[in-house]
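There are 2 protein chains.
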Amino acid sequence: MNAPLPSHAMPAVEPRPVPGAMLEALRARFGERCSTAPAVREQHGRDESPFPVTPPEVVVFCESIEDVSAVLRLADAHAVPVIAYGTGSSLEGHLLAVQGGVSVDVSRMTKIVQLHPEDLTVTVQAGVTREQLNREIRDSGLFFPIDPGANASLGGMAATRASGTNAVRYGTMRENVLGLTVVTATGEVIRTGTRATKSSAGYDLTRLMVGSEGTLGVICEVTLKLHPLPEAVSAAICQFPDVNSAVRATIQMIQMGVPIARCELLDANAVRVVSAHSQLGLREAPMLLMEFHGSPASVQEQAETVQALTADCGGQDFQWATTPEERTRLWTARHKAYFAGMAANPGCRSVTTDTCVPISRLAEIIDVSVLDADASGLPYYIVGHVGDGNFHLAYLVKDGDAAERDIAEALSHRMVQRAIALGGTCTGEHGIGLHKIGFLVEEAGEGAVQMMRTLKRALDPKNILNPGKIFTL
Amino acid sequence: MNAPLPSHAMPAVEPRPVPGAMLEALRARFGERCSTAPAVREQHGRDESPFPVTPPEVVVFCESIEDVSAVLRLADAHAVPVIAYGTGSSLEGHLLAVQGGVSVDVSRMTKIVQLHPEDLTVTVQAGVTREQLNREIRDSGLFFPIDPGANASLGGMAATRASGTNAVRYGTMRENVLGLTVVTATGEVIRTGTRATKSSAGYDLTRLMVGSEGTLGVICEVTLKLHPLPEAVSAAICQFPDVNSAVRATIQMIQMGVPIARCELLDANAVRVVSAHSQLGLREAPMLLMEFHGSPASVQEQAETVQALTADCGGQDFQWATTPEERTRLWTARHKAYFAGMAANPGCRSVTTDTCVPISRLAEIIDVSVLDADASGLPYYIVGHVGDGNFHLAYLVKDGDAAERDIAEALSHRMVQRAIALGGTCTGEHGIGLHKIGFLVEEAGEGAVQMMRTLKRALDPKNILNPGKIFTL
Numbered sequence: 001m002n003a004p005l006p007s008h009a010m011p012a013v014e015p016r017p018v019p020g021a022m023l024e025a026l027r028a029r030f031g032e033r034c035s036t037a038p039a040v041r042e043q044h045g046r047d048e049s050p051f052p053v054t055p056p057e058v059v060v061f062c063e064s065i066e067d068v069s070a071v072l073r074l075a076d077a078h079a080v081p082v083i084a085y086g087t088g089s090s091l092e093g094h095l096l097a098v099q100g101g102v103s104v105d106v107s108r109m110t111k112i113v114q115l116h117p118e119d120l121t122v123t124v125q126a127g128v129t130r131e132q133l134n135r136e137i138r139d140s141g142l143f144f145p146i147d148p149g150a151n152a153s154l155g156g157m158a159a160t161r162a163s164g165t166n167a168v169r170y171g172t173m174r175e176n177v178l179g180l181t182v183v184t185a186t187g188e189v190i191r192t193g194t195r196a197t198k199s200s201a202g203y204d205l206t207r208l209m210v211g212s213e214g215t216l217g218v219i220c221e222v223t224l225k226l227h228p229l230p231e232a233v234s235a236a237i238c239q240f241p242d243v244n245s246a247v248r249a250t251i252q253m254i255q256m257g258v259p260i261a262r263c264e265l266l267d268a269n270a271v272r273v274v275s276a277h278s279q280l281g282l283r284e285a286p287m288l289l290m291e292f293h294g295s296p297a298s299v300q301e302q303a304e305t306v307q308a309l310t311a312d313c314g315g316q317d318f319q320w321a322t323t324p325e326e327r328t329r330l331w332t333a334r335h336k337a338y339f340a341g342m343a344a345n346p347g348c349r350s351v352t353t354d355t356c357v358p359i360s361r362l363a364e365i366i367d368v369s370v371l372d373a374d375a376s377g378l379p380y381y382i383v384g385h386v387g388d389g390n391f392h393l394a395y396l397v398k399d400g401d402a403a404e405r406d407i408a409e410a411l412s413h414r415m416v417q418r419a420i421a422l423g424g425t426c427t428g429e430h431g432i433g434l435h436k437i438g439f440l441v442e443e444a445g446e447g448a449v450q451m452m453r454t455l456k457r458a459l460d461p462k463n464i465l466n467p468g469k470i471f472t473l
Numbered sequence: 001m002n003a004p005l006p007s008h009a010m011p012a013v014e015p016r017p018v019p020g021a022m023l024e025a026l027r028a029r030f031g032e033r034c035s036t037a038p039a040v041r042e043q044h045g046r047d048e049s050p051f052p053v054t055p056p057e058v059v060v061f062c063e064s065i066e067d068v069s070a071v072l073r074l075a076d077a078h079a080v081p082v083i084a085y086g087t088g089s090s091l092e093g094h095l096l097a098v099q100g101g102v103s104v105d106v107s108r109m110t111k112i113v114q115l116h117p118e119d120l121t122v123t124v125q126a127g128v129t130r131e132q133l134n135r136e137i138r139d140s141g142l143f144f145p146i147d148p149g150a151n152a153s154l155g156g157m158a159a160t161r162a163s164g165t166n167a168v169r170y171g172t173m174r175e176n177v178l179g180l181t182v183v184t185a186t187g188e189v190i191r192t193g194t195r196a197t198k199s200s201a202g203y204d205l206t207r208l209m210v211g212s213e214g215t216l217g218v219i220c221e222v223t224l225k226l227h228p229l230p231e232a233v234s235a236a237i238c239q240f241p242d243v244n245s246a247v248r249a250t251i252q253m254i255q256m257g258v259p260i261a262r263c264e265l266l267d268a269n270a271v272r273v274v275s276a277h278s279q280l281g282l283r284e285a286p287m288l289l290m291e292f293h294g295s296p297a298s299v300q301e302q303a304e305t306v307q308a309l310t311a312d313c314g315g316q317d318f319q320w321a322t323t324p325e326e327r328t329r330l331w332t333a334r335h336k337a338y339f340a341g342m343a344a345n346p347g348c349r350s351v352t353t354d355t356c357v358p359i360s361r362l363a364e365i366i367d368v369s370v371l372d373a374d375a376s377g378l379p380y381y382i383v384g385h386v387g388d389g390n391f392h393l394a395y396l397v398k399d400g401d402a403a404e405r406d407i408a409e410a411l412s413h414r415m416v417q418r419a420i421a422l423g424g425t426c427t428g429e430h431g432i433g434l435h436k437i438g439f440l441v442e443e444a445g446e447g448a449v450q451m452m453r454t455l456k457r458a459l460d461p462k463n464i465l466n467p468g469k470i471f472t473l
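Read top to bottom, the protein sequences are chains A and B.
In terms of our numbering, the first sequence opens at residue 1 and continues consecutively.
In terms of our numbering, the second sequence opens at residue 1 and continues consecutively.
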């Protein structure tokens, strides 16, 4: 592969200033909801990526579709960039205002628009977070399974095609978004999809927007599939002598078609930091954290199958988390892995990979990547939604240490090349953002990326929607 | 709704003749695989829709991606329409050469390119049919569940976003296509997706192509998810005093989260024709035909739940199909419903609806539509993948009888309007083709259809890829 190393320096692009007339128009319409205060701008110019803060010129707090449309109409008239902002939890530089412009903050758009428990669907405003949604629908007997580490907004989760620990059973945002309300580059409001579970009605605009990272439209409302709360839930942990054994057990579960709901790997490093952060008292050894959903009999059966299978692969200390409290404690600890990693390495930032490979190649890519990481001398840990073939190797680098950053980026690049060679992808759930622009070309090829650019130019001819992300134009 | 009645007359468009130079170039490259014989052209100018035969000017039998690319390069140079052809089983006029041009027949592209049983994936050429695929992978312990009525090609199934009887459990082509090899309007070959089960790498070109009905590219290879053959399978039929009771039982199953694999409704008319056609000896009453997949214990449990639930809804004559032979006989009969309907009404063609609604509204839309159909005096029958909220009302009209055709089209239009009003779609699995161009505007709105047109113009500026389908340009 001869593609250049993906740039992890900031791209050198001329900012596109917000003209005075536009700023005045925004202030006239939005009053105090339009801010140029440095603290507000800085907050909107960062995410969880290791890139430097790159603030927008203005932040507008939108409260309705009409608000978003008004901003876009002005941005279109003045050819000014617009970046949608939910909770700021993206990982690849998605939110950074590399060409300046306006941050459209949708975090106040937190209405549950329509809950249809009898159809297992809900429509929410883009700023509703996954935790808020599950709180608000608790009494319906339903839940929304997609759970990225952060308590992200559902608009942001749609925009990055997010997933999380439940994807092996319930799919990702790709499978769980039924429709969207989107504001286009000219401020027009369109609706995609319906509440029907399937449709062959024309181009799949819903899935074109899902994962487009704010570059084709601003997502204002999301219609989602919900799922019945399982009658029975049971979770278990099992520790292994090495990562390879844990991964082999996972591969066998998937190949056998066990309908496992969650199957998470933590390597010994991750177990150490997570256990310390959340006081779990776990032995420092690789671990699978699993959950089974279904009827009581089906859960029992799955659990027995998996217990036998992990034992065959050298699993030890298989333990049930029988009470809901215990389960919640384990999963909360898992969700905090990223922050636990940060806490255990003060002054560090994380360069996190997100490769996803066909399940049979998972052990192989992890083994080689661990050797590579060990040789680098950088601290690292692994967590992974291994039931999907997706895992994250987080390299911890001292903030501002360019040499360490270079080492981590080179490790990351080699892992991506391995994943692509094995039929996989450079990103299972985090997206391309700024960070993986080069990786996308390596993965998809220049022809496919050129098709993406053609679509972008067609829907956003002035390149005002989150410009500079996914690809260079 | 003020949109005009969708035209079921053929659109009046000037054909775009294949210039002599292009025909010569095709003959030079393809020899006998390039045909202008009237019988061959006629066969490629029809599908299962009630539109008159509209043949292409030339048919080219392609055997490789390079063949397809060569045709597209010529078509691009001469601005001539190209229509991809698999098995000719589409239902909405997709294949009709309304602007003339070249039919690219991929039915000889029948190679299984790569089977990866350990990853539950397979890559096939576009002309492989669903039955061929399942035959060829039989020894792997895996199967491909998507089963439209016809033995369609997998390229065609991807192009129309097809589904079938298993979608309630396994999803549609939208969920089961991992990647594609596509020839673009200029003859370029691009690959979309990977073999990883999930990805956030840029725009979802795979799902943009799935359901695009040959208007954005010609699909040459399809990478599919496979599923482990269930350890246990059990099927059952249950008859009901009326359609409403059968539908209520279905709604309850879905709302309870029973992981049923197939749940098909046949109304009394469908039971009559299917039973006669396949000698099943069934009583003429509405019926659910169901199948359960899983471990023996899980299948048993699902079946008990469903048996109790159907009894509560007035179900009678609940019968198990215990042997594989019995099951196959029932499902084969179901798949032949369309042909059984034709056979029972000689000299008729079928105007078939394909609405899909949120599950809770299914009984309501069927009830009203049955009253409407009864009042029309036309013969009809209903079959439906009711677990998805999707059903087909087939009105049988005498071939060439314009008055009956008008009545059927008006019935169909009223049903679509009902489905849209209830949050549903005009087509669950058949696509738009020629027939539903007006319905798509009613469903998606002018703004969304305009976005589709913009995408089409961007990827196919000369409008050579299956022109005149999905929307008017």
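Yeah, the Cβ is synthetic: ideal placement off N, Cα and C, and Gly gets one too.
When the cut-off is 8 Å and only beta carbons count, does M253(B) lie next to chain A? no
Enclosing alpha helix (DSSP H) for Q300(A) [first to last residue]: 296 to 312
Check distances from the C-beta atoms of the stretch 190 to 205 of chain A to those of chain B and list, in chain order, the residues that come in under 9 Å. I190, R191, T192, G193, T194, R195, A196, T197, K198, S199, S200, A201, G202, Y203, D204, L205
Do the stretch 184 to 193 of chain B and the stretch 249 to 264 of chain B meet, that is, are 3 or more Cβ pairs less than 8 Å apart? no
Run through chain A and tell me which residues come within less than 7 Å of V357(B), C-beta to C-beta. A196
Cutoff 8 Å; reference R361(B); Cβ partners in own chain excluding five residues on either side: G389, L422, G423, G424
In chain order, what residues of the same chain lie with their CB nearer than 8 Å to the CB of V247(B), ignoring the 5 residues before and after it? L265, L362, A363, I366, V386
Could you list which residues in chain A have their beta carbon closer than 8 Å to that of R174(B), in chain order? K198, D204, R207
Just the C-alpha distance for P230(B) and F143(B), rounded to the nearest angstrom, thanks. 9 Å
Using DSSP bridges, identify the partner residues of E291(B). A235(B), R262(B)
List the residues of chain B that N390(A) touches, going by C-beta distances under 7 Å, in chain order. K198
For S212(B), go through chain A and note every residue whose CB falls closer than 9 Å to its CB, in chain order. G202, Y203, D204
Tell me the DSSP secondary structure of H435(B) in three-state form. coil
Give the range of the beta strand (DSSP E) segment to which N390(A) is assigned. 390 to 398
If contact means a Cβ-Cβ distance below 9 Å, which residues of the stretch 115 to 139 of chain A contact chain B? H116, P117, E118, D119, L120, T121
C348(B) to I83(A) span [Cα, whole Å]: 56 Å
Within 8 Å, strictly: CB atoms of I376(A) and L411(A): Here residue 376(A) turns out to be Ser, not Ile, going by the sequence shown. Contact: yes.
Same chain only: Cβ atoms within 6 Å of T87(B), ignoring 5 sequence neighbours per side: A152, S153
What does DSSP give as the partner residues of L180(B) in its beta bridges? T192(B), V222(B)
Interface residues of chain B around H435(A) at Cβ under 7 Å? Chain B residues near H435(A): none, gap ~12 Å exceeds 7 Å.
Under a Cβ-count criterion, where at least 16 other Cβ atoms within 10 Å of its own Cβ denotes burial, should P474(B) be classed as buried or exposed? Nothing about residue 474(B) can be read from this structure; chain B reaches only from 1 to 473.
So which of V258(B), E48(B), D105(B) has the shortest CA-CA distance to E92(B)? E48(B)
Decide if the stretch 161 to 176 of chain A is in contact with the stretch 99 to 113 of chain A; the criterion is three or more beta carbon pairs, one per stretch, under 8 Å apart. no
A201(A) and T427(B): beta carbons closer than 8 Å? yes
With DSSP collapsed to three states, give me the class of I112(B). strand
List the residues of chain A that M22(B) touches, going by C-beta distances under 8 Å, in chain order. Those within 8 Å of M22(B) in chain A number zero; the least Cβ separation is about 24 Å.
Chain-ordered residues of the stretch 292 to 319 of chain B with a beta carbon less than 7 Å from chain A: S295, A297, S298, E301
Applying a beta-carbon distance threshold of less than 9 Å, which residues of chain D neighbour G431(B)? Of the chains in the structure shown, none is chain D; the protein chains are A and B.
Along the stretch 228 to 243 of chain B, what residues have a CB closer than 9 Å to any CB found in chain A? P228, L229, P230, E231
I need the straight-line Cα distance from V271(B) to C263(B), nearest angstrom please. 15 Å
Residues near L473(B) in its chain [Cβ-Cβ closer than 8 Å; skip 5 each side]: R453, K456, R457, N463, P467
Name the chain A residues whose beta carbon is nearer than 8 Å to that of M157(B)? Residues of chain A passing the Cβ test: none, with the nearest at roughly 11 Å.
How would you label P358(A), buried or exposed, when you count the other beta carbons within 10 angstroms and need 16 or more for buried? buried
Out of curiosity, what's the CA-to-CA distance linking H392(A) and M290(A)? 17 Å
When you compare each of V368(A), P228(A), V218(A) to V243(A) by their alpha carbons, which one comes out closest? V368(A)
Does any CB atom of chain A fall closer than 8 Å to the CB of G468(B)? no
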